[in-house]
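**Student:** Here the sequence shown is numbered in the working numbering, starting from 200 and rising by one per residue. Virtual Cβ for every residue (Gly too), placed ideally from N, Cα, C. Nothing here was measured: the structure is a model prediction, and the numbers come from that model. Please see the structure below; I have some questions.
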Amino acid sequence: MNTYTKFLIRTYLLSFFNVFFIFFCLIYLLNLLTELEFFKKTDVESYFPLYLSLINTPILVFEMFPFIFLISTQFFFNNLLTDNEINIFKYSGLKNTRIFSILAITTFFIGIFLISVFYNLSSNLKNLYLGLKSNYTEDKKYLAVITNNGLWIKDIYNENILMINASSFNKNELLNTYISEFDKNFEIIRNIKSKKIDITNKEWVINDAEIYVQNNKNIVKSLKLKTNFDYELIQNLFSNMSSLSLLELIEMRENYKKLNYSLTEIDLQLLKLILFPFYFILMFIFSAVIMMNTKTFKSKSLKIIMGLFLSVIIYYINNFFYILGTSEKINVISSIIIPLIILTIINTFLMRNINEK
């Protein structure tokens, strides 16, 4: 590896870690304020909000990495331009495109590390965070999970415990469902079997319910059962994909498919993660060409503000297409790919005559 390559990579990584540390501290403090507000009326150890904020911060930082790359690139090129090192490289025969390619490859490998290591670690910490915090929320008495055997729900309503298993989902309906109802001492009250249950509201409508009490069977055409769950709540329970690692996301997708559950959100999360390294590269190039095209500006702050302003626009464009994807207005691939194509076109336009800058 050439000396200038080592210098570029080392300086770029230093800039990246400095910005990463600043973001981590800021997000930690903001998250800590949220946790303190949450626990202000709850008797917990003083360190507990600090700990919760710490384990929740990495996944929040992960979502900010595109902008961490953008800002760290701005600081990196600002230092090169301030120290006139960019001209020294140019006089030595090192073109700007060569500098870009070295750092773009570096960005790609950082992205691979962040997806394969940092994200999986962060998602595990997020899962731990949700588990710990759920003990202090009002809905700790209910639980819903999706496994190979379908959807499982544990619910407590009027001191009765409901254990519910459904083999599949169909819009607002649970299909092939078996419900066991217990009293607070876990003594069985009754079992209910049905091929179709309407869960539009929290008062479920069980069609053709087969009710088993001890050894007696009774069939009811339409039975109403009050629960804490409805279709919307069940949907929201599985919307927090950030607490799942890559392998868990893939496994969850298979379970969703068997349950006939919507794959949109999980496909969006998987595709976003797969393409994140390329998104990082595009953000790096975008930031780099902005700095090169504005190097004649005397104000350093103006350059950074301009880059931040444009990054906010990129964020809202990206978020707009993501919402279109989650609402199924456009397909999953388009919702992730289109913002990247737009950013690629912008970078291509700005890269014109970059070696002359």
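Looking only at its own chain, which residues have a Cβ that is under 6 Å from the Cβ of Ile-391, when we skip the five neighbours before and after it?
**Tutor:** Here residue 391 corresponds to residue number 192 of the sequence shown, with the count starting at 1. Around Ile-391: Ile-378, Ala-408 and Ile-410.
**Student:** Asp-282 by DSSP, collapsed to three states: which one?
**Tutor:** Sequence index remark: in the sequence shown, residue 282 carries index 83 (1-based). Three-state DSSP puts Asp-282 in coil, outside helix and strand.
**Student:** My output table needs one value for Ser-189: the three-state DSSP class, helix, strand or coil.
**Tutor:** Any answer about residue 189 is impossible in this case: the structure gives the chain only from 200 up to 556.
**Student:** Give me the DSSP bridge partner(s) of Val-419.
**Tutor:** Position 220 of the sequence shown, counting from 1, holds the residue named residue 419. Paired residues: Ala-408.
**Student:** Taking contact to mean 3 or more Cβ pairs, one atom from each stretch, closer than 8 Å, check whether the segment 256-266 and the segment 314-325 are in contact.
**Tutor:** At 8 Å Cβ cutoff, the stretches touch.
**Student:** Measuring CA to CA, which of Phe-299, Glu-244 and Phe-475 is closest to Thr-272?
**Tutor:** The sequence position of residue 272 within the sequence shown is 73, counting from 1. Nearest of Phe-299, Glu-244 and Phe-475 to Thr-272, Cα basis: Phe-299.
**Student:** Pick from Asn-518, Phe-238, Thr-306 and Lys-528: whose alpha carbon is nearest that of Leu-207?
**Tutor:** On the sequence shown, position 8 is the one that residue 207 refers to. Selected option, being the one with the closest Cα: Thr-306.
**Student:** Under 8 Å, with one C-beta from each stretch per pair, do the segment 454-469 and the segment 517-532 reach the 3-pair mark?
**Tutor:** The segment 454-469 vs the segment 517-532: in contact.
**Student:** CB-CB under 8 Å to Asn-217, same chain, minus the five flanking residues each way: which ones, in chain order?
**Tutor:** Locating residue 217 in the sequence shown gives position 18, counting from the first residue. Cβ neighbours of Asn-217 beyond the five flanking positions: Ser-271 and Phe-274.
**Student:** Measuring CB to CB, does Asp-397 end up less than 8 Å from Glu-372?
**Tutor:** Locating residue 397 in the sequence shown gives position 198, where the first residue counts as 1. Locating residue 372 in the sequence shown gives position 173, where the first residue counts as 1. Going by C-beta atoms, Asp-397 is nearer than 8 Å to Glu-372.
**Student:** DSSP three-state call for Met-550: helix, strand or coil?
**Tutor:** Numbered from 1 along the sequence shown, position 351 holds the residue referred to as residue 550. Met-550: coil per DSSP, three-state reduction.
**Student:** Cα separation between Ile-484 and Gly-506?
**Tutor:** Here residue 484 refers to the residue found at position 285 of the sequence shown. Here residue 506 refers to the residue found at position 307 of the sequence shown. About 12 Å.
**Student:** Taking the straight line between their C-alpha atoms, what separation do you get for Leu-280 and Leu-509?
**Tutor:** Against the sequence shown, residue 280 aligns to sequence position 81. Against the sequence shown, residue 509 aligns to sequence position 310. Each residue's Cα considered, the two are about 21 Å apart.
**Student:** When the Cα of Lys-471 is compared with those of Asn-492, Ser-441 and Glu-453, which residue comes out closest?
**Tutor:** Within the sequence shown, residue 471 is the residue found at index 272, counting from 1. Among Asn-492, Ser-441 and Glu-453, the Cα nearest to that of Lys-471 is on Ser-441.
**Student:** Could you check whether Ile-267 and Phe-219 sit closer than 8 Å to each other, using their CB atoms as the reference points?
**Tutor:** The sequence position of residue 219 within the sequence shown is 20, counting from 1. The sequence position of residue 267 within the sequence shown is 68, counting from 1. Going by C-beta atoms, Phe-219 is nearer than 8 Å to Ile-267.
**Student:** Where does Met-362 fall in DSSP's three states?
**Tutor:** Numbered from 1 along the sequence shown, position 163 holds the residue referred to as residue 362. Strand.
**Student:** Using a Cβ-Cβ cutoff of less than 6 Å, which residues in the same chain neighbour Arg-209 once the five nearest sequence positions on both sides are dropped?
**Tutor:** Translated into positions along the sequence shown, residue 209 becomes position 10. Nothing listed; no residue qualifies.
**Student:** To the nearest whole angstrom, what separates the beta carbons of Leu-253 and Tyr-290, a pair I think is in contact under 8 Å?
**Tutor:** On the sequence shown, residue 253 is found 54 positions in, with the first residue counted as 1. On the sequence shown, residue 290 is found 91 positions in, with the first residue counted as 1. Leu-253 to Tyr-290, Cβ: 48 Å. No contact.
**Student:** Roughly how many whole angstroms lie between the Cα atoms of Ile-536 and Glu-527?
**Tutor:** Within the sequence shown, the letter at position 337 stands for residue 536. Within the sequence shown, the letter at position 328 stands for residue 527. Cα to Cα, the separation comes out at about 15 Å.
**Student:** Mark Thr-376 as exposed unless 16 or more other C-beta atoms lie within 10 angstroms of its C-beta, in which case mark it buried.
**Tutor:** Here residue 376 refers to the residue found at position 177 of the sequence shown. Result: buried.
**Student:** In whole angstroms, give me the CA-to-CA distance for Phe-308 and Ser-245.
**Tutor:** What you label residue 308 is simply residue 109 of the sequence shown in a count that begins at 1. What you label residue 245 is simply residue 46 of the sequence shown in a count that begins at 1. Distance between the alpha carbons of Phe-308 and Ser-245: 39 Å.
**Student:** Based on the DSSP secondary-structure assignment, which residues constitute the bridge partners of Glu-372?
**Tutor:** Translated into the one-based positions of the sequence shown, residue 372 becomes position 173. According to DSSP, Glu-372 bridges with Asn-369 and Asp-397.
**Student:** Looking at Thr-547 and Leu-566, is the spacing between their C-beta atoms short of 8 Å?
**Tutor:** Nothing can be reported for residue 566, as the shown portion of the chain is limited to 200 through 556.
**Student:** Extract the residue ranges of the beta strand (DSSP E) inside the segment 274-337, only unbroken runs of 3 or more that lie entirely within it.
**Tutor:** Here no run is fully enclosed.
**Student:** Please return the same chain residues whose Cβ sits closer than 7 Å to the Cβ of Val-578, not counting the five positions on each side in sequence.
**Tutor:** This structure leaves residue 578 out entirely; the chain is present only between 200 and 556.
**Student:** Under a Cβ-count criterion, where at least 16 other Cβ atoms within 10 Å of its own Cβ denotes burial, should Thr-426 be classed as buried or exposed?
**Tutor:** Within the sequence shown, numbered from 1, the residue matching residue 426 stands at position 227. Per the 10 Å Cβ criterion, buried.
**Student:** Report yes if the CB atom of Pro-538 is closer than 8 Å to the CB atom of Ile-314, and no otherwise.
**Tutor:** Here residue 538 corresponds to residue number 339 of the sequence shown, with the count starting at 1. Here residue 314 corresponds to residue number 115 of the sequence shown, with the count starting at 1. The answer is no: Cβ separation not under 8 Å.
**Student:** When the Cα of Leu-374 is compared with those of Asn-334, Tyr-430, Gln-413 and Gly-524, which residue comes out closest?
**Tutor:** Mapped onto the sequence shown, residue 374 falls at position 175. Nearest C-alpha to Leu-374: Tyr-430.
**Student:** What number of angstroms, rounded off, separates the C-alpha of Leu-225 from the C-alpha of Leu-445?
**Tutor:** In the sequence shown, residue 225 corresponds to position 26, counting from 1. In the sequence shown, residue 445 corresponds to position 246, counting from 1. If you take the alpha carbons of Leu-225 and Leu-445, they lie about 27 Å apart.
**Student:** So is Gln-413 buried or exposed if we call it buried at 16+ other beta carbons inside 10 Å?
**Tutor:** Residue 413 sits at position 214 when you count from the first residue of the sequence shown. It counts as exposed.
**Student:** To the nearest whole angstrom, what separates the beta carbons of Leu-269 and Ser-486, a pair I think is in contact under 8 Å?
**Tutor:** Taking the sequence shown and counting its residues from 1, the one referred to as residue 269 is at position 70. Taking the sequence shown and counting its residues from 1, the one referred to as residue 486 is at position 287. Indeed they touch by this definition, with Cβ atoms about 4 Å apart.
**Student:** State yes or no: is the C-beta of Glu-386 within less than 8 Å of the C-beta of Leu-361?
**Tutor:** Within the sequence shown, numbered from 1, the residue matching residue 386 stands at position 187. Within the sequence shown, numbered from 1, the residue matching residue 361 stands at position 162. Cβ distance not < 8 Å, so Glu-386 and Leu-361 don't count as in contact.
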